[in-house]
Each structure stands twice: as structure tokens, then as C-alpha cells.
Amino acid sequence: MARERDGWEWVDGAPRWAPTVSLQIAEILGGLYGHEYDERRAELEDLVRAVYRDAAEKLYGESERSDLDLGQSIGFQKAADLIFPNYPEESDSE
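For what it's worth, this note's numbering labels the leading residue of the sequence shown as 11, then goes sequentially.
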């Protein structure tokens, strides 16, 4: 089983459903075609982008805690940059 291939992974000797974003989107969009497919896909991509942005903002917030040393703070910022590397302007959305 490979999470990237079929959505399943092994945890403590048992299978667990843990799909990637693309696999889950494909699962949701199964059976949709044409305009309905395109519209739903755009909605799901907006949702994924919002989740990534929220996660990055939480990490940036954690990086500003006063009890962290510089290395820890930079670590939070780098993690946030990996999750959501460029914060697009609102005009970037289609």
C-alpha cells in the first residue's frame, strides 16, 4: 500500500485510510463531468488553498511566541513557508 498511489498506509501493523489531497479530490469528483466537474474542482481547490493558508498562519503565529528561541521561531516560519510558500493576492484567484 502506498498512500500516494491508493490512499492507504500502514500504521502499527494495520491499514489506515489517509489519502493525499489529490486522491481525495479525485474520489469526491468521481462521476462528475463537464461544467459540474470543473465547478466542483475549483471549489475544492479553493478549500484546499484555504486550509493550507490557515495552517501556515497558525505556524507563523506560533513563531512569534516569546518563549521560543530564534532557531525554533525560524523553524516555525520555514514550516509555514513549506505549507503555503507564497501568499497570493486576492486578485490571483480566478
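All residues carry an ideal CB built from backbone N, CA and C; glycine is no exception.
Distance check between Ala36 and each of Ala24, Ala52, Arg26, Lys68 places Ala52 closest, using alpha-carbon atoms only. In terms of Cα proximity to Glu14, the closest of Ser83, Val31, Tyr43 is Val31. The count of Cβ pairs closer than 8 Å, one atom from the region 89-98 and one from the region 63-71, reaches three, so the stretches are in contact.
Distance from Leu54 to Ile38 at the Cβ level is roughly 6 Å; contact confirmed, criterion being Cβ atoms closer than 8 Å. Shown here, Glu19 sits in a strand according to DSSP, grouped into three states.
Across the set Leu78, Ala28, Ala24, the C-alpha of Ala28 shows the shortest separation from the C-alpha of Asp16.
Beta-bridge partners of Pro25 (DSSP): Trp20.
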